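Accompanying notes for the structure given below.
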Amino acid sequence: MTATSIRATDTRPRRKSNRPIWDEEPSIAGKVVKALFMLCYAAAIVLPIWAVVATSFASEEALTRAGGNLLILPTEVSWQAYREIFSGGALTDSLVLTLILTFGGTAISMVLTICGAYALSRTGSLLHRPILWLILLTFLFGPGMYPSFLVVQKLGLFNSYWSLILPGAVGTFNIIILRAFFMNSIPGELIDAAKMDGAGEFRTLFRIVLPMSKAILAVIALFYAVGYWNLYFQAVLYTPGLDTQPIQVVLQRMLMSSQGLPDGAQAAAQYQSQGEAAPTAALKMAVVVCTIIPIVIMYPFIQKHFTKAVITGAVKG
Amino acid sequence: MATLQSTAPPDADRTPDRVIVRRKRTVGQRLRHDWPLLLLALPVVAHLSVFHYWPTAWNIIAFMDYSPYRPFWENPFVGFAWFERLFNDPYFTPALLNTLKFATLNLVFMFPLSIVLALAMNSIISIKARSAFQSIVYLPHFFSWVLVVTVFVQVLGADGLISNWIMDGGGERLNFTSNPDTFLLLVWMQWAWKDAGWGMIIFLAALASINPSLYEAAASDGANRWRRMWHITLPGIRPVIILLLILQIGGILSVGFEQYQLQRQSIGYQSTEVLDTFVYYQSIIGNQGESFGTAAGLFKGVIGLILILVANKIAHRLGEQGIYQKS
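Protein chains in written order, with UniProt numbering: chain A, 1 to 317; chain B, 1 to 327.
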C-alpha cells in the first residue's frame, strides 16, 4: 500500500505515454507493487463475472461433479440453460417485459429531460428561476417512501406497470447535467443566430442543439436505460401482485429459492406447479448473464463519454 | 482549478452575453415571447409536482392520526405523537444505529478508497493501460444489486466457489454470506466491488484539471512525489472532495434499500435493518400504519436536510464553495 501511495503522487496530464522530463523514474519495486495492485483489483472484478459466464454454460453433470456450483472453465459447453430461458416460459415473459419497460421508460425519460433541460438553459425567460428552484430543491429533500407509495396508490397505479416508469421518470440530476451542457458547450451565438434567422425554440432545439449533443444524450440515455433494466425496488414496492415481474425480481426469487430461504418458496412452488425442476446453478447464472449482456453491449460505445457527462454537471474545469 | 457548477444558484448562469434585458416588457409580452419554453418545461414541472411535491405535502400525515378510510379533513392532528412512538419503537433504534454504522463505513472506508484509486490510476503513464483498466472497474457500477448479491453468493457463499475450494482442501464450509457478525465487511466488499471504481471518475476529472506546470515548477524546486502530492494534488482536488463530502453527510441516513432488503433473509433482520427497510417492513408490509411510516421517512428527510445545510455552512466558513453559494 505504501509503495502504491508513493507512486500515486505522480499525478499530472502527460504527453502521450512519455514521462515528463522533470519527473523522477519510480523504483522497480514501486512499479511492480502498483502493477500487482491494479491487476489484483481488475481480476477481483473480472473473475467472478467470468465464473458466472462459465457456470451458465455448464451441463448438469459437470455441475454435480464440481460440487453443485461454480466452475472456472466448462469442460463441454451446454446451451441447456439458455434454451430454458428463451423457451417461452415465465423467464421469457419477464425478459420481454423488462425490455419493454427499458425502451418505453427511457424514451419517456429522455423526452422529459431534454425538454426540461432546454427550457432551463434559456436563462432570463419567464418563470425561469422558480422552475430551476423547483428542480434544485429536489436534491435537498426527498418525500419519503411512504408518501410516495401513497400517491402511487391514489393515482391508481398500484400493481400497474406504469408505476415502474412514471414515479421515477425524471432524474433531476440528469436535467442539471444536460442543462449545464447546453449552456456551456453550445455557443450562445449559434442559438442567437438561429433566432435571428427566424427559427423558433422548437426548431432551434431539434435542428441546432440536439445534433450537437449526441454524445451526452447517449450517456444520459444509458443511465436511464440501466436504471430501468436494473429496476427492483420499485417492483417490490409498487407491483408486488403482478404475475410477470421484471427480471431482477425473478432473479432474486431464484437466488432465494436456491438458498432455501422463505422468499424463494413462492418461486419454488411455481416451478413445481409448472412441473419444472427448481432452477439449477447453470440456469441462475444464465439469467445473470442475460441481465449483464445488454449492459456490456452498450457499454463500449458510451464509456468514453462518461467522464464528460459526469463532469459537465459537477465540475467545470 | 475546478469550480463547482452543479447546483449553482440561478445567478451563476447570468453570463453577460446571454442576458437579454427584458425589464421593460410586461408579463403578457414575455408570455408571448417565451411560451414555447414554458410549454417545454411544463411536463417536467407537472411530473415533479405530482411525484415529488405532492408526496412531500402528504408528509403532513406524520402529524395526524391518519386513516385512509375517512375523509382527509376528519383526521385529527396529534402533534408529535407518532414521533414519540417511533423513538420508543424497539426496532427503530437498532435500524437507526445500523444506518449510521453503514454510513460511517462508507465515509471512512469507501470515500478515501476512491481517492486513493484515482491517485493510483492517475499515475499510470500508459494511456492504453489506463483506459483498459477504467473500462473494467467502471463496469460493475451498472450492475443491479440483485446481480451483485447473486455473484457474491456464488463466489463467497456456503456453496460458492471459494467454499468449494476450501472444502476440497479439507477445510470448513464458508458461511460468509449468511453470517451477521461479518455483515459489515460483506457490505463494504460489495460496495468496493460495485462502486469504488466508479467513485474515481470525478476525482480523475479534477486531477486532470490541475495545471501540469505547477508540478514542473515544484519538481524543479526539488519537491519529491510526496511533497508534490501534498502541496499540489490534494489542494487541487479539495473543492471536489469537500463537495462530495457534503453530499455524503447529507445522505448519511440514506444508505440504500436494495442491498439490505436482498440480504435480509440470509443474514437476519437484526444486522440488516436500516431506516428504509424499517419503513418498508413496518409500515408498508407490516401494520404500523400510514402515519408511522411517514413519520419515520420524515425524520430521515429532515435530518438529511439539516445535515446538508450545516455541512455546507461549515464549508463556507472554511472558505470553500460547497454545493451552492449565497444568492
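All residues carry an ideal CB built from backbone N, CA and C; glycine is no exception. These numbers were taken from a predicted model, which means no experiment stands behind them.
Asked: Residues near residue 304 (chain A) in its chain [Cβ-Cβ closer than 8 Å; skip 5 each side]; Found: none
Asked: Interface flag, residue 276 (chain B) vs chain A, CB-CB below 8 Å; Found: yes
Asked: CB contact check: residue 186 (chain B) to chain A, cutoff 8 Å; Found: no
Asked: Among B:232, B:258, B:197 and B:173, nearest to residue 116 (chain B) - alpha-carbon criterion; Found: B:197
Asked: Strand pairing of residue 77 (chain B), partner residues [DSSP]; Found: B:64
Asked: Residue 82 (chain B) classed as buried or exposed, judged by whether at least 16 other C-beta atoms fall within 10 angstroms; Found: buried
Asked: Residue 36 (chain B): contacting residues in chain A (beta-carbon distance under 7 Å); Found: 200, 201 and 202
Asked: Residues near residue 294 (chain A) by beta carbon distance below 7 Å, same chain, minus five either side; Found: 229
Asked: Euclidean distance between Cα positions of residue 235 (chain A) and residue 309 (chain B); Found: 33 Å
Asked: 7 Å CB neighbourhood of residue 278 (chain B) in its chain, flanking five on each side removed; Found: 91, 92, 95 and 296
Asked: From B:74, B:119 and B:154, residue whose alpha carbon lies closest to that of residue 53 (chain A); Found: B:154
Asked: Euclidean distance between Cα positions of residue 290 (chain B) and residue 66 (chain B); Found: 7 Å
Asked: Any 3 or more C-beta pairs closer than 8 Å across the region 137-157 of chain A and the region 191-205 of chain A; Found: no
Asked: Residue 154 (chain A) to residue 189 (chain B) span [Cα, whole Å]; Found: 40 Å
Asked: Nearest-angstrom Cβ-Cβ length linking residue 191 (chain B) and residue 98 (chain B), presumed shorter than 8 Å; Found: So it is not a contact: roughly 15 Å between Cβ atoms.
Asked: Close beta carbons around residue 114 (chain B), own chain, < 6 Å, minus the five adjacent residues each side; Found: 196, 199 and 200
Asked: Residue 22 (chain A), buried or exposed, once every other Cβ within 10 Å from all chains shown has been counted against 16; Found: exposed
Asked: Exposed unless 16 or more other CB atoms sit within 10 angstroms - verdict on residue 246 (chain B); Found: buried
Asked: Reduced DSSP secondary structure (H/G/I, E/B, other) of residue 290 (chain B); Found: helix
Asked: Cβ pair residue 306 (chain A), residue 258 (chain B) closer than 8 Å; Found: no
Asked: Proximal residues, the region 53-78 of chain B versus chain A, C-beta separation under 7 Å; Found: 54, 55, 56, 58 and 59
Asked: Supposed contact pair residue 112 (chain A) and residue 169 (chain A) - C-beta distance, whole angstroms, cut 8 Å; Found: 6 Å
Asked: Buried versus exposed call for residue 32 (chain A) [16 or more other C-beta atoms within 10 Å across all chains shown]; Found: exposed
Asked: Span separating the alpha-carbon of residue 71 (chain B) from that of residue 63 (chain B); Found: 16 Å
Asked: Spatial distance of residue 272 (chain B) from residue 299 (chain A) (CA atoms); Found: 32 Å
Asked: Nonlocal neighbours in the same chain, by C-beta distance under 6 Å from residue 284 (chain A), ignoring five residues either side; Found: 254
Asked: CB of residue 139 (chain B) within 8 Å of CB of residue 45 (chain A), strictly; Found: yes
Asked: Between the CA atoms of residue 314 (chain B) and residue 238 (chain B) - distance to the nearest angstrom; Found: 15 Å
Asked: Contacting positions in the region 224-239 of chain A - beta carbon closer than 9 Å to chain B; Found: 226, 229, 230, 231, 232, 233, 236 and 237
Asked: Distance CB(residue 106 (chain A))-CB(residue 135 (chain A)) smaller than 8 Å; Found: no
Asked: Three or more C-beta pairs below 8 Å linking the region 212-219 of chain A and the region 40-58 of chain B; Found: no
Asked: Other residues of its chain near residue 92 (chain A): CB distance less than 8 Å, five sequence neighbours each side excluded; Found: 85 and 86
Asked: Coarse secondary structure for residue 255 (chain B), derived from DSSP in three states; Found: coil
Asked: Min CB distance residue 197 (chain A) to chain B below 8 Å; Found: no
Asked: Neighbourhood of residue 95 (chain A) by C-beta distance below 6 Å, restricted to the same chain and skipping five residues each side; Found: 247
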